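Engineer:
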Amino acid sequence: MPLLKTYIAISVGYLLAQRRLFSADASTGASQVFKNICLPALIFSNVVPAFTSSNISALGPLFSIAFTYVGIGFLFGLLIREFFYVPRNFWQGIVVLCGMSNWGNLPSAIVSSIMTDSPINPDADPELGISYVAVFIVTYHFVFWITGVARSLSWDYLPDVPQNSEAERLYSWKEKPIGGFIARRIRRKRVPSRSSSVNPENVNIEADLERSEQKNAKLEMDDTSSSMEAYDDSRQPSVQHEISSTSPIQPVPRSSPVPESVETSATHMPPPPFLQRLKKALQPASAAVTPITCTLVISVPVSLIPDLKALFTPVTGGQIGQGRTGNHRSEFLGNMAVPLSLIILGASFARLKISRPFSGLPIMAMIAAAVAKMIVLPIIGIFVVQAMVRDRLIAKDALAERFVAMFLSGTPAAVNQLIVSNLYSTTGEVDTLSAFLLVQYVGMLFSST
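Residue numbers (the UniProt record's numbering): 1 to 449.
Next up, the structure:
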């Protein structure tokens, strides 16, 4: 069974974390090693020998399939939020959970295991499979980080959004985002005002950032005011003596007048330099510059130019010597990626915490999300891939490409959402998200076999 070693590695990570031999800090460090060293090395060592001028055309259909899966997943999340009970502080989380899938460590491990058996060609298709998975990885990073999906998770933790037990109140269909829009615009009904909730679809993200910056500024002012109060307390007796000795109350002159130049500079600040404005404008795009994306950008041209490709792998038609050992270094580092990623995944399962009773969780929404991601979306993916084969966008004999395109339609939600949500959470609890992840990863044991 090709998946047996996958489950063994996950179990090892789970047991190590349970015995406190693999702490959260160690898992974080291992995740950085996997993301910045092992996975780029694995992608490079597989893309360079796998891609040629004859199969490079597969990138276009795979990118379109990946974005299609993400869009359909977001649609599922919107519908589940409208038709099922979801806690108020998870309205945006359910949309992200359904749209973003684990296209990193898990599919890389499973694809590399399954493609060593028939009917897949074990000599060439495993390398192609990892290269095709890299397309989905780049799509995930682009959508999650650059388009603001990760940032939108903060909408569930805005000051006006109820938390803890207050977030578990039932909302009518008119109080939900899409239902409220239909009630206001189409049916012309009066929607009851909600002072304790915010429509995530209509939140201005810039206003949210300004509000958070004001909150940080207030915290800094509180620290400053506390130190000033201590300073004023030390001067209080002398101040009271001066007030009592002076019978008429007169305006107190400014002890240290502010120079006019300072006031002028404060009111007329010069505009920031062009480089600072350009840096601020390009800051969202800087999230795309990751070791994974840079590796894919470098490895694809190298795989298509024979003289460069000959530095890393044997080729025919190159004008320089064959590089039999050039790719071994990246292969050596890349071989750590699969077992390390599965151990990290198992350890993350061991640290999932669900403090409240299971009966108090949104059971129907959890089942609906698992069915949508693990059953409905894979069925849609099969039809999409078959349609592309019929329209000759994907070759009929491209078994590795077809398998990867179908398989990655049914992966569970990404664990990265747990990390980002934990950073935004005001209470430090992400019990609802942990329960959703647990149901999906347990369901994958049955859907993938």
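The beta-carbon is built from N, C-alpha and C at its ideal position, and this holds for glycine as well. All figures in this text were calculated on a predicted structure; none of them were measured in a lab.
Go to Glu82, then tell me how far its alpha helix (DSSP H) extends in each direction, as first and last residue.
Structural biologist: 59-83
Engineer: Using 10 angstroms around the beta-carbon of Gln440, count the other beta-carbons present and answer buried if the total reaches 16, otherwise exposed.
Structural biologist: buried
Engineer: Comparing C-alpha positions only, which one of Ile343, Leu296, Arg392, Ile344 sits nearest to Thr139?
Structural biologist: With distances taken between Cα atoms, Thr139 lies closest to Leu296.
Engineer: Here's a check: name, in chain order, each residue in its chain whose Cβ is nearer than 8 angstroms to the Cβ of Gly179, leaving out the five neighbours to either side.
Structural biologist: Glu82, Ser172, Trp173
Engineer: According to the neighbour-count rule (16 or more other Cβ atoms, all chains shown, within 10 Å of its Cβ), is residue 496 buried or exposed?
Structural biologist: Residue numbering for the chain in the displayed model covers 1 to 449; residue 496 lies beyond these limits and cannot be assessed.
Engineer: Does the segment 371-379 come within contact of the segment 51-58, defined as at least 3 CB pairs closer than 8 angstroms?
Structural biologist: No: the two stretches stay apart, fewer than three of their Cβ pairs being nearer than 8 angstroms.
Engineer: Just list the residues that DSSP pairs Ser101 with in beta bridges.
Structural biologist: Ala413
Engineer: Please return the same chain residues whose Cβ sits closer than 6 angstroms to the Cβ of Val262, not counting the five positions on each side in sequence.
Structural biologist: Confidence at Val262 is low in this model, with a pLDDT of 45, below 50, so its placement is unreliable and the value that follows should be read with caution. The answer is none, since no qualifying residue turns up.
Engineer: Taking the straight line between their C-alpha atoms, what separation do you get for Ser447 and Phe383?
Structural biologist: 18 angstroms
Engineer: Measuring CA to CA, which of Gln92, Ile394, Leu342, Leu438 is closest to Ala370?
Structural biologist: Leu438
Engineer: Taking Met406 as part of the alpha helix (DSSP H), name the residues at either end of that continuous run.
Structural biologist: 399-407
Engineer: Contact check, Thr411 vs Ser101 under 8 angstroms by CB: the rounded distance?
Structural biologist: 5 angstroms
Engineer: Among Gly93, Lys176, Tyr7, Phe44, whose alpha-carbon lies nearest the alpha-carbon of Leu106?
Structural biologist: Tyr7
Engineer: Report buried or exposed for Ala281, applying the criterion of at least 16 other Cβ atoms within 10 angstroms of its Cβ.
Structural biologist: The residue in question, Ala281, is exposed, as its Cβ has fewer than 16 Cβ neighbours within 10 Å.
Engineer: Please say whether Ala41 and Ala330 have beta carbons closer to each other than 7 angstroms?
Structural biologist: Correcting the residue type first, residue 330 is Ser in the shown sequence and not Ala. Taking 7 angstroms as the Cβ cut-off, Ser330 and Ala41 qualify as a contacting pair.
Engineer: Which residues bound the alpha helix (DSSP H) around Leu340?
Structural biologist: 337-350
Engineer: Give a yes or no on whether the C-beta atoms belonging to Phe436 and Leu15 are separated by under 7 angstroms.
Structural biologist: Leu15 sits away from Phe436, with the two beta carbons spaced by 7 angstroms or more.
Engineer: Counting pairs of Cβ atoms below 8 angstroms between the segment 423-435 and the segment 143-163, do you hit three or more?
Structural biologist: Judged by Cβ distances under 8 angstroms, the segment 423-435 makes contact with the segment 143-163, as three or more pairs qualify.
Engineer: Please classify Thr313 as buried or exposed, where buried requires at least 16 other C-beta atoms within 10 Å of its C-beta.
Structural biologist: buried
Engineer: Can you have a look at Ala24 and say buried or exposed, based on whether 16 or more other CB atoms are within 10 angstroms of its CB?
Structural biologist: Under this definition Ala24 is an exposed residue.
Engineer: Is Glu206 buried or exposed, if buried means 16 or more other CB atoms sit within 10 Å of its CB?
Structural biologist: Caution is warranted here: a pLDDT of 41 is assigned to Glu206, below 50, making its placement in the model unreliable, and the coordinate value is therefore given only provisionally. Under this definition Glu206 is an exposed residue.
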